[in-house]
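Chains as they are written, first to last, in our numbering: chain P, 2 to 148; chain R, 2 to 148.
All C-beta atoms in this analysis are idealised placements derived from N, C-alpha and C, irrespective of residue type, glycine included.
Worksheet for the structure shown next.
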DNA sequence: TAAACTAATTGTAATGATTACAAAGTAAGA
DNA sequence: TCTTACTTTGTAATCATTACAATTAGTTTA
Ligand SMILES: [Mn+2]
Ligand SMILES: [Mn+2]
Ligand SMILES: [Zn+2]
Ligand SMILES: [Zn+2]
C-alpha cells in the first residue's frame, strides 16, 4: 500500500514536470516507507550507503522541491532541525517533551478557529498549525517495556 | 497599566529569588511596553543605547530565566529567529506569510483537543501551540494606508 | 548524432542564530 | 573582611541551512 503511495507521489512529480532522479526517488521512498518524521540529516545518513556521493545539499534541495508540489510538509522547530512529514491526509501532532517522539492524531473541525481568526483580524487565512505537548506513556513510566 | 504589569513581573522575579539587575529590568520593561513579539536581537539592539556594554549573551541568558518563571513564552520558528511574548493571558497568533506580522487573537476551548489527543495517544498533556497563517489586510491590499 | 541548452547534483564555503565557556564584576552572608 | 554564589561580558564554537560555482546528466534542436 505504501507502494501505491510512492507511485502516486512519483506521478505528482511527473505531472508537475519534475524529473525523477535516482536521488529523488530514494528520498521520496524513504519519506513514504519510514512512517516517521525524519530530519534532513536522518534522510541523508540513511541513504549514505546507497548513495555514497550524494550531497546533503541535494537532500535539502529536493525536500524543497517536494514541498513545492505539496508532497511533504516541513515541521520547523526553533532549537533543533526541521522535520519532514509525507502528506497523506490532514492530521496533527503530539510531541513528547522528554524524548521528542512525534505521534500523529486526528481532530476534526479546526476550520472554525480559522474562521474566527479571519473574522477578528481581517486576515485571509490559508493554513494553521497546531501541536500538543506532553509526556509519552514510556517516558511517564506507565508502560512496561516490551520484552 | 503596563506599569502595573511590569511591577507584577518584578514581583514574580523576587518571589522566585531571581535578582533584579539593571539589565533584567530593562529587558523586562522592553518586553512589557513594546506590545510586539521581539526577537532577541531586536531587544539587544533596542537597549544598546542605554546599555552600550550589554552582551547579547545576557539577553539570551535572561530570556531563559524569564521563561523559567513563566513570565514569557518563546515562539520558535524554523528558518528565522525565535520571538518572545510577554505572558499576560492565553492567546493565539495569526501570522502574515508575506510580511511576518504577528497578531494576537483569542479563542476559547481548545482544551477539548488536548483531551482527545491525550485519550487517543496515552500522553500526559501539558500544553499546546496553535498558529494560523494567512495574509494581513495591508498585504492583501484591502486597506488604504493611513495618511 | 552532435551541438546547445537546461536541470540537477556535488563539494565546499558562508551565514546566522544560539550556546559554551572562561574571566571579571557584583551582591550578600558569615 | 573573607567567602561564596550569582551575573555579566566577550568571544569562540556549534550546527542547521543556504549560497554558489563547477561538474554531470538529460533533453531539445538542427
Ligand atoms: Mn505526521
Ligand atoms: Mn502574543
Ligand atoms: Zn517520551
Ligand atoms: Zn502582511
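Distance, residue j Cα to residue i Cα
i	j	result
residue 87(R)	residue 25(P)	43 Å
residue 18(R)	residue 9(R)	14 Å
residue 32(P)	residue 108(P)	23 Å
residue 143(P)	residue 92(P)	25 Å
residue 37(P)	residue 103(P)	8 Å
residue 76(P)	residue 77(R)	11 Å
residue 29(P)	residue 7(P)	7 Å
residue 61(R)	residue 135(R)	30 Å
residue 100(R)	residue 50(P)	42 Å
residue 53(P)	residue 73(P)	24 Å
residue 45(R)	residue 3(R)	21 Å
residue 35(P)	residue 5(P)	15 Å
residue 152(R)	residue 56(R)	Since the first residue shown for chain R is 2 and the last is 148, residue 152(R) is missing from the structure and cannot be characterised.
residue 137(R)	residue 139(P)	42 Å
residue 117(P)	residue 110(R)	13 Å
residue 43(R)	residue 58(R)	13 Å
residue 141(P)	residue 113(R)	22 Å
Simplified DSSP state of residue i, which is helix, strand or coil
i	result
residue 149(P)	This structure cannot speak to residue 149(P), because chain P is shown only from 2 to 148.
residue 28(P)	helix
residue 21(P)	coil
residue 14(P)	helix
residue 52(R)	coil
residue 133(R)	strand
residue 220(P)	Only positions 2 to 148 of chain P appear in this structure, which leaves residue 220(P) out of reach.
8 Å contact criterion, which residue i and residue j should meet: CB distance rounded
i	j	result
residue 126(P)	residue 115(P)	5 Å
residue 14(P)	residue 41(P)	Not quite, the Cβ-Cβ distance comes to about 19 Å (not below 8 Å), so this is no contact.
residue 97(R)	residue 124(P)	7 Å
residue 122(R)	residue 95(P)	5 Å
residue 39(P)	residue 85(P)	6 Å
residue 120(R)	residue 131(P)	About 16 Å; that fails the 8 Å criterion.
residue 11(P)	residue 27(P)	About 12 Å; that fails the 8 Å criterion.
**Request:** Counting only runs of 4+ residues fully inside the stretch 87-128 of chain P, write out the alpha helix (DSSP H) ranges in chain order.
**Result:** As far as the stretch 87-128 of chain P is concerned, its whole alpha helix (DSSP H) runs of at least 4 residues are 112-122.
**Asked** Any chance the stretch 81-101 of chain P sits against the stretch 57-70 of chain R, with 3 or more Cβ pairs inside 8 Å?
**Response** The count of Cβ pairs closer than 8 Å, one atom from the stretch 81-101 of chain P and one from the stretch 57-70 of chain R, stays below three, leaving the stretches out of contact.
**Message:** Under 6 Å, CB to any heavy atom of ligand 5. Which residues pass, going along the chain?
**Reply:** Ligand 5 is absent from the structure shown, which contains only ligand 1, ligand 2, ligand 3 and ligand 4.
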